[in-house]
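Chemist: Mapped onto my numbering, the consecutive letters of the sequence shown carry residue numbers 58 to 505. All residues carry an ideal CB built from backbone N, CA and C; glycine is no exception.
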Amino acid sequence: MKITFYGATEGVTGSNYLVETGGTKFLVDCGLFQGGEEQERKNWEKFPYNPAEINFVVATHSHIDHIGRLPYLYKSGFKGKIYATAAASDFSRIFLEDTCKLLGDTAKDLKVEPLFTQNDVMNTTSLFETRDYYQTFRPAEDIEITLFDAGHILGSAIVQIKTEGKTIVFSGDLGNPPVPILRNTDIIPQADYVVMESTYGDRNHERWEKRRERLERIIEDATKNKGVVLMPSFAMERTQEILYELNQLVENNRIPKVPVFIDSPLAIKATEIYKNYPEYFDEEAKALLARGDNFFDFPGLKFIENIEESKALDRNNGSKIIIAGSGMSNGGRIVYHERFFLPQENTILLIVGYQVKGTPGRALYDGAKRVRLMGEEVEVKARVEAIESYSAHADQERLKFWVSKIKAVKQVMLVHGEEKAKETLKPLIEAELAIKTTIPRYGEIIEI
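Here's what the structure looks like:
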């Protein structure tokens, strides 16, 4: 058996791993490359394998850097099944439809043909076949696959593969428990080989107990100065997580009465899907729902549906909280609000998610005094804050803890991380856990 690494090797995006065993070829994830023109152009390259020869795909979760090229895979000849949890399947449909629109704009900028069409998206989503957590299935003879809860986003999965007498685990993206709404990341009892993400392999998050306090303080500071809190947020998980936190703060009178606007059509759709899967929620969230506390609805919360309402947010004076996509400020309605509010000193831009190199969000995170948005240079006078403990990714200590609990691991392969993160984590795993650890390069084949 062999694994070939075709993505998330020189950074965090583009997850794509080809597994070959016996006469079967399958993929774990087929994600989009993100982070500036150089990365985006990679999406238009031909696949380094024949898509028509791929028997099936396992999608760990519905983030675009893990599923974004599936319609291109279909367009290029793939017609097999795509296995994922039910929630991941539902989210994938709305995210791929949205990505198709965004890639249309990217194609114009790059002067290339669109990567795929909405018809390709429709045909791709028809290939999804859902599997529950812990339900072992056989997608091919002599291959057993089980999905475990990764605790990263709703419906995210760790993939355990048993074949040829070996057990291989793909971590997907591991969660950062305890996180509002989500259950904790599952521990896998045993594996021979582990392909593990390393997004935060070089750092630890601040204590989770402090994140709600910091959020409270930031909102208080902004309202005291009659300013606006801008939150670039991913449409799923981060938006719902922040709503959960704000619901707690509002109900306990911990923050001033200030309107909260969700200005993201995609986040609104994602929130509706959340409501369909309470069985995936943690016990605290289930208990709140059981007593009639809908944490997606509280006084002062308004969902913005149309562009006219969105534009009006910039014209209306007074303190407010605006939560909008995209989470890295590289598209969506947040960039319109940033153009208007970033030059104002009483604005607070609150970053609550990972920012890929090459994105405007990363520039803001790194302290840029000017940032390019929608083709314009925008002066940054706003205060920029980041609460990294809202990250949906495990930090260094959590990554080490997770892999340490897996028995009999012969080798760990680090992916989905910037070079510094992987190079920092590798010697720690080797020294502290005595497990051989490698950093595969693009196109590298590892035979096991």
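Since K377 and V315 should fall inside the 8 angstroms C-beta cutoff, what is the C-beta to C-beta distance between them, to a whole number of angstroms?
Modeler: 6 angstroms
Chemist: Should E263 and S446 be called a contact, given that it needs their Cβ atoms to be closer than 8 angstroms?
Modeler: yes
Chemist: Look at the alpha carbon of G500 and the alpha carbon of P356, and state the distance between them as a whole number of angstroms.
Modeler: 52 angstroms
Chemist: Could you tell me the alpha carbon to alpha carbon distance between I202 and K138, rounded to whole angstroms?
Modeler: 14 angstroms
Chemist: Short check: CB of D452 to CB of Y257, under 8 angstroms?
Modeler: yes
Chemist: Using a Cβ-Cβ cutoff of less than 7 angstroms, which residues in the same chain neighbour G161 once the five nearest sequence positions on both sides are dropped?
Modeler: P171
Chemist: Between E67 and the rest of its own chain, which residues show a CB-CB distance below 7 angstroms, the 5 nearest in sequence each way excluded?
Modeler: Y499
Chemist: Could you tell me which residues DSSP pairs with I139 in its beta bridges?
Modeler: I139 pairs with V114, F185.
Chemist: Which residues bound the alpha helix (DSSP H) around R271?
Modeler: 266-281
Chemist: Taking the alpha-carbon positions, what's the L323 to P417 distance?
Modeler: 20 angstroms
Chemist: Which residues does DSSP list as the beta-bridge partners of K223?
Modeler: T220
Chemist: Of all the alpha helix (DSSP H) runs that stay within the bounds of the stretch 293-380, which reach a length of 4 or more residues?
Modeler: 295-308, 322-331, 340-347, 364-372
Chemist: Please confirm if the stretch 88-98 is in contact with the stretch 116-133, defined as three or more CB-CB distances below 8 angstroms between the two stretches.
Modeler: Yes: the two stretches touch, three or more of their Cβ pairs being nearer than 8 angstroms.
Chemist: Classify R396 as helix, strand or coil using the three-state DSSP reduction.
Modeler: helix
Chemist: Using the Cα positions of A342 and R295, report the straight-line distance between them to the nearest angstrom.
Modeler: 15 angstroms
Chemist: Excluding the five sequence neighbours on either side, which residues of its own chain have a C-beta within less than 6 angstroms of the C-beta of F398, listed in chain order?
Modeler: In the same chain as F398, and ignoring 5 residues on each side of it, the C-beta atoms closer than 6 angstroms to its own belong to V285, L287, T404, in chain order.
Chemist: For I503 versus I151, is the C-beta spacing smaller than 8 angstroms?
Modeler: no
Chemist: Can you tell me whether M470 is buried or exposed, with buried defined as 16 or more other CB within 10 angstroms of its CB?
Modeler: buried
Chemist: Just to confirm before moving on: does the CB-CB distance between I312 and I319 stay below 8 angstroms?
Modeler: no
Chemist: Check this for me: beta carbons of G208 and V252, under 8 angstroms apart or not?
Modeler: It is not a contact, given that the beta carbons lie outside the stated cut-off.
Chemist: Bridge partners of C87, per DSSP?
Modeler: N73
Chemist: Quick one: measure Cβ to Cβ for A214 and H118, integer angstroms, because I've assumed they're closer than 8 angstroms.
Modeler: 6 angstroms
Chemist: Closest to D147 by C-alpha separation, out of G71, T163, I210, would be which residue?
Modeler: I210
Chemist: Measuring CA to CA, which of R240, N304, K368, E480 is closest to R390?
Modeler: K368
Chemist: How long is the line joining the alpha carbons of K219 and D122, rounded to whole angstroms?
Modeler: 25 angstroms
Chemist: Count Cβ pairs between the stretch 429-437 and the stretch 461-468 that sit closer than 8 angstroms; are there 3 or more?
Modeler: no
Chemist: Would I484 be called buried (16 or more neighbouring beta carbons within 10 Å of its own) or exposed?
Modeler: As written in the sequence, residue 484 is Pro, which differs from the Ile given in the question. By the neighbour-count rule (16 or more Cβ atoms within 10 Å), P484 is not buried but exposed.
Chemist: For the putative contact between N107 and G80, defined by C-beta atoms under 8 angstroms, what is the C-beta separation to the nearest angstrom?
Modeler: Actually they do not touch by this definition, with Cβ atoms about 14 angstroms apart.
Chemist: Using a Cβ-Cβ cut-off of 6 angstroms (strictly less than) and excluding sequence neighbours within five positions of G125, which residues of its own chain qualify?
Modeler: G88, L89, T156
Chemist: Rounded to whole angstroms, how far is the Cβ of Y250 from the Cβ of R188, which I believe are closer than 8 angstroms?
Modeler: With a Cβ gap of about 22 angstroms, Y250 and R188 do not count as contacting.
Chemist: For D199, which of T224, I299, S461, I408 has the nearest alpha-carbon?
Modeler: T224
Chemist: State the start and end residues of the unbroken beta strand (DSSP E) segment that holds F291.
Modeler: Annotation for F291: no beta strand (DSSP E) segment contains it, and DSSP assigns it neither H nor E.
Chemist: Please classify L430: does DSSP put it in a helix, a strand, or coil?
Modeler: Note: L430 maps to strand in three-state DSSP.
Chemist: Between G388, E154, A488, which lies nearest to G163 when the distance is taken from Cα to Cα?
Modeler: Residue identity differs from the one stated: residue 163 is Thr in this sequence, not Gly. The option with the nearest alpha carbon to T163 is G388.
Chemist: On the three-state DSSP scale, how would you describe Q247?
Modeler: Note: Q247 maps to strand in three-state DSSP.
Chemist: Just the Cα atoms here: how many angstroms apart are T78 and L306?
Modeler: 52 angstroms
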